[in-house]
Amino acid sequence: MAQTDKPTCIPPELPKMLKEFAKAAIRAQPQDLIQWGAVAGRLIVHAEELAQMWKVVNLPADLFNSVMNVGRFTEEIEWLKFLALACSALGVTITKTLKIVCEVLSCDHNGGLPRIPFSTFQFLYTYIAEVDGEISASHVSRMLNYIEQEVIGPDGLITVNDFTQNPRVWLE
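The sequence shown begins at 3 in our numbering and counts up by one.
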């Protein structure tokens, strides 16, 4: 594994998440751990816990209820989906929403462009477009294929400029 000069950004909740992931994997005994991890690895939060955190940061309750309704969330919520819909209230357009999500999820605090793994971007863009309902699945697929083939570098990361400043990328 190559060493770099850049500090690694490790979220404080990572040890707990890894412990829970390991426990779940031991219980499930999957044939293909990688495949299982891709599906099970999405962070799930409980609605009650999320509502409490929402109140703690003093965000409007009606916005929380709106996000819950639009996402059709029940007791267990995929965190990234909730985050995407909450950001869409600020972003208005899909591009602006994805820009905000990318800024929130990026762990580059050295003044570089916010960036996230392309796989996360792909999941979020597909989900937001699906909820929006005005963008065809074929358009989403074309954009994701173009970005993956022509824009994403060997690090597998997408920066905000890759989808906001590139004239060949139109997410709407």
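For every residue, glycine included, the Cβ atom is placed at its ideal position computed from N, Cα and C.
Between the CA atoms of residue j and residue i - distance to the nearest angstrom
{"i": "THR166", "j": "LYS101", "result": "8 angstroms"}
{"i": "ALA91", "j": "LYS98", "result": "10 angstroms"}
{"i": "PHE84", "j": "LEU61", "result": "14 angstroms"}
{"i": "ARG179", "j": "GLU51", "result": "Coverage of the chain is limited to positions 3 through 174, which leaves residue 179 absent and any answer about it impossible."}
{"i": "GLY158", "j": "SER121", "result": "8 angstroms"}
{"i": "VAL2", "j": "THR76", "result": "With the chain covering 3 to 174 only, the question about residue 2 has no answer from this structure."}
{"i": "ASN147", "j": "GLU136", "result": "19 angstroms"}
{"i": "LYS57", "j": "MET145", "result": "37 angstroms"}
{"i": "ILE46", "j": "VAL153", "result": "30 angstroms"}
{"i": "GLY93", "j": "HIS48", "result": "25 angstroms"}
{"i": "THR128", "j": "ILE160", "result": "15 angstroms"}
{"i": "LEU173", "j": "PHE125", "result": "14 angstroms"}
{"i": "HIS141", "j": "PHE123", "result": "15 angstroms"}
{"i": "SER143", "j": "VAL171", "result": "12 angstroms"}
{"i": "SER108", "j": "TRP81", "result": "15 angstroms"}
{"i": "GLY73", "j": "ALA53", "result": "14 angstroms"}
{"i": "GLU78", "j": "VAL59", "result": "21 angstroms"}
{"i": "GLY113", "j": "ALA139", "result": "34 angstroms"}
{"i": "PRO169", "j": "GLN151", "result": "16 angstroms"}
{"i": "GLU105", "j": "ASN71", "result": "25 angstroms"}
Presumed contact (8 angstroms Cβ cut-off) between residue i and residue j, rounded CB distance
{"i": "ALA131", "j": "VAL103", "result": "ALA131 to VAL103, Cβ: 13 angstroms. No contact."}
Sheet register partners of residue i (DSSP bridge)
{"i": "GLU78", "result": "HIS48"}
Buried versus exposed, by CB contacts within 10 Å (16 or more), residue i
{"i": "VAL69", "result": "buried"}
{"i": "MET55", "result": "exposed"}
{"i": "THR95", "result": "exposed"}
{"i": "LEU65", "result": "exposed"}
{"i": "ASP134", "result": "exposed"}
{"i": "ALA63", "result": "exposed"}
{"i": "ILE149", "result": "buried"}
{"i": "ALA88", "result": "buried"}
Residue range of the unbroken alpha helix (DSSP H) whose run includes residue i
{"i": "ARG144", "result": "139-148"}
{"i": "THR128", "result": "120-134"}
{"i": "ASN168", "result": "Neither: ASN168 is in no alpha helix (DSSP H) and is coded neither H nor E."}
{"i": "ILE96", "result": "96-107"}
{"i": "ASN67", "result": "63-72"}
Span of the beta strand (DSSP E), counted from its first residue to its last, around residue i
{"i": "LEU159", "result": "159-161"}
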